[in-house]
Amino acid sequence: MKTLLYILALITTVVAGLAQSSEQERLAKNFEAGGDLRGAARLYLELYEKAPDNQAYFDGVVRTFQGLQQLSGLLPIVTEHLVHHPSVQTALLAGTLSVKLGKSGTDFWNRALEIGNNSQETNAAVAKAQEDVFLLKDAINSYRKARDLSGSAWQYARQLQKLYAATGDYRSSVNEIFTMVNNTGDLTEALGLLAAVTATDSGLKAVDEAMAHLPSNTSDQLRLKLWHLQYNSKWPRALTLAEQIDDSEQAHGQALLQFADAARKAEQYDVALSAYSKASHASPNVALSAAYGSAQTLEQKLTQARTTLSAETLKEVLSNYQTIVDKYPTHPLSAQALLRIGQLQLTRLHNSEEARETLSLLANRWPGTSASWEGMLMLADIYYALGQTAQVADLINRVEGGPQEYSLIAKFKKADYLLFEHELGKARVLYQEVSLHPASLPANDAIERLRLILLSGDDSLAVSHYIRGLQLQAEQKHSESANSFLQAVHTAADPDLADQARIAVVQESLLLADTARAVQQLDSLIAKVPSTLFGDKALLLMADILTDKHEIQSAVAALTTLLVQYPNSIYTPLTRELIRKLRGDIQ
């Protein structure tokens, strides 16, 4: 009977202990989830001391002690746990803690290898742990051991490439990239990694040396060399190599077309034109794309020349686009060609009648296309300038029913028309709808218009002049528009409105080739940098004017001021690119 009572008492004690442990664990988890790591650590440690074989309790101790940065207190617990419950992960944890505490982790790395039978996976795990505590050279050695055990010459190439670069061994880093691309064929990743290596002078030198010894046996190797030539702006040599790649891959002009597009984007227009020509002769399948690319390139080349284009030059550009329309009337690129013709007729030839005919043809022949929607918006501008409000309303309503990208622009234009008629309440509603789509093209302008309406009560005369300037601008009456904006400058009580009006005067003056008035207004704005909200725009416009006058150093100085005084400007990426071009860093 006594024995039975003893057993029952023992069972009761065990059950009570288990219940208590369960409650403690629940509390520990709640404390941890609630951010009370100190309370959770105390409970986990009590639980672990009672049941050192319980892995969940041990893990709780590790998590909370690490969260509290109590590494010196955690290390002996982990070391003791490793003795009784040996595992690779526990050994790696002990090694990591030792290094973080300024001690050697070698014994624990070796213990991990011993437990893991020196396997490939264990060596890789040791390497990762060493990498995490910045023992980079040790990590390299461990990854190389793992590679040897794998029997593959390219295993762990990504990890080794990064580690070699971090230790300054750029040549080995580049070799790992070559090894990787030879085995994976992932050229895109390889080019991204090479670009990262070239961020330093030593890295760039290593890439140059490696490329000089790179064979030309495979397509990937040829494309790596092509990238290198392009990166170093050796475009004529790159064109020759692009032809070789197109032949070796039997790409039928596609490789040349891809290269031509890259050359055009890099503003290497002569090389691009030559590449497009070679592509069009390589295969009739790429002839249309090559023709359109050639037309774009010629147009961009002439535009970048920063000179007034002659009628003959414009005629050549328009002829190239018209050839595409005539030869490929049913191809989607024909729609883009029609759009470019209409844009050039309107903005370069200033022939609104021809532009109207071209854009009407586009809208009728290619309904529902992006080119058509854009063309219809341009048509609305033309008809508004002609005072044909019925046609304007019809076009705007049609585009409003189209894709959101164009619908929001149409809604913004409708709001502007209401603004011009002093229907401020109705205009405000539409501007607010547009502003709810911050990623859209007209969103920022809509916010500016809302601010303008807000000022109309306290600064009514200046706002009235500004709105009149916008209306005259829409009517293509740029001289009168500039004068209205100038009146807004002189009458504005709000300094930001005055500065905004100055920018508008500058833009209209540049359209009228009145550089003197533009510079005068810009000087007034730049004198207020950095207090004016429009200083970044003013500096960008001034740099453009100085570039046209070939005053490159002054242009770079203006752009540099923009970066310094307006580091968060939306123009920052463009400004950096312009500085690089003006300095000759990129061509």
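Here the sequence shown is numbered in my numbering, starting from 6 and rising by one per residue.
From the three backbone atoms N, C-alpha and C, an ideal C-beta is built for every residue, glycine too.
It should be emphasised that the depicted structure is a prediction, and the values quoted were computed from it without experimental measurement.
- Contact annotation: Ile145 and Leu118 have beta-carbon atoms that are not nearer than 8 Å.
- Using a 10 angstroms sphere on the CB of Asp143, the tally of other CB atoms reaches 16 or more, which defines it as buried.
- Note on geometry: alpha-carbon atoms of Arg361 and Ala385 lie some 10 Å from one another.
- About 22 Å separates the CB atoms of Ala467 and Phe417; that is not less than 8 Å, and the two are not in contact.
- Shown here, Trp378 sits in a helix according to DSSP, grouped into three states.
- Under the three-state reduction of DSSP output, Lys270 falls in the helix class.
- In the three-state scheme derived from DSSP, where H, G and I count as helix and E and B as strand, Glu254 is classed as coil.
- Judged by pairs of C-beta atoms under 8 Å, the segment 363-381 touches the segment 340-351, as three or more such pairs exist.
- For Asn237, no alpha helix (DSSP H) run applies, since DSSP gives it neither H nor E.
- Nearest Cα to Phe264 within the set Ala287, Gln235, Leu73: Gln235.
- Looking at the backbone, the Cα of Gln327 and that of Ile182 are separated by about 46 Å.
- Look at the beta carbons and you see the segment 389-403 not touching the segment 486-499: under three pairs across the two are nearer than 8 Å.
- The segment 39-82 contains, as complete alpha helix (DSSP H) runs of 4+ residues, the segments 42-55, 60-72 (chain order).
- Under the three-state reduction of DSSP output, Asn123 falls in the coil class, being neither helix nor strand.
- Residues of the same chain with a CB within less than 7 Å of the CB of Thr127, apart from the 5 flanking positions on each side, are Val93, Ala117, Leu118, Gly121 in chain order.
- Of all alpha-carbon atoms in Ser469, Asp331, Ser147, the one lying nearest the alpha-carbon of His495 is that of Ser469.
- The Cβ atoms of Tyr175 and Ala211 sit closer than 8 Å to each other.
- Less than 8 Å divides the Cβ of Ala129 from the Cβ of Ala151.
- Between the C-alpha atoms of Leu568 and Pro334 there is a straight-line separation of about 47 Å.
- With at least 16 other beta carbons inside 10 angstroms of its own, Asn325 counts as buried.
- Taking a C-beta distance under 8 Å as the contact criterion, Gln29 and Glu51 qualify as a contact pair.
- In this structure, the beta-carbon distance from Tyr411 to Glu379 falls below 8 Å.
- Gly430 counts as exposed, since fewer than 16 other C-beta atoms from the protein chains shown sit within 10 angstroms of its C-beta.
- Ala300 and Ile387 have their C-alpha atoms some 25 Å from each other.
- Where Ala518 is concerned, there is no enclosing alpha helix (DSSP H), because DSSP gives it neither an H nor an E.
- With respect to the C-alpha of Asn123, the residue from Glu214, Lys105, Asp153 having the closest C-alpha is Asp153.
- Annotation for Gln305: Arg269, Glu272, Tyr274 place their beta carbon closer than 8 Å to its own, counting only its chain and skipping 5 residues before and after.
- If the five residues before and after Tyr436 are omitted, its C-beta is found closer than 7 Å to the C-beta atoms of Ala420, Ala451, Arg454, Leu455, all from its own chain and listed in chain order.
- Within the same chain, and ignoring the five residues on either side of Ala267 in sequence, the residues whose Cβ sits closer than 7 Å to its Cβ are Gln235.
- Val322 places its beta carbon less than 8 Å from that of Leu307.
- Here Leu546 is buried. Its C-beta has 16 or more other C-beta atoms within 10 Å.
- The continuous stretches of alpha helix (DSSP H) do not include Leu538, and DSSP gives it neither H nor E.
- Counting along the chain, the unbroken alpha helix (DSSP H) around Lys418 starts and ends at 409-425.
- For Tyr436, the enclosing alpha helix (DSSP H) starts and ends at 429-440.
- At the C-beta level, Thr566 and Val534 come within 8 Å of one another.
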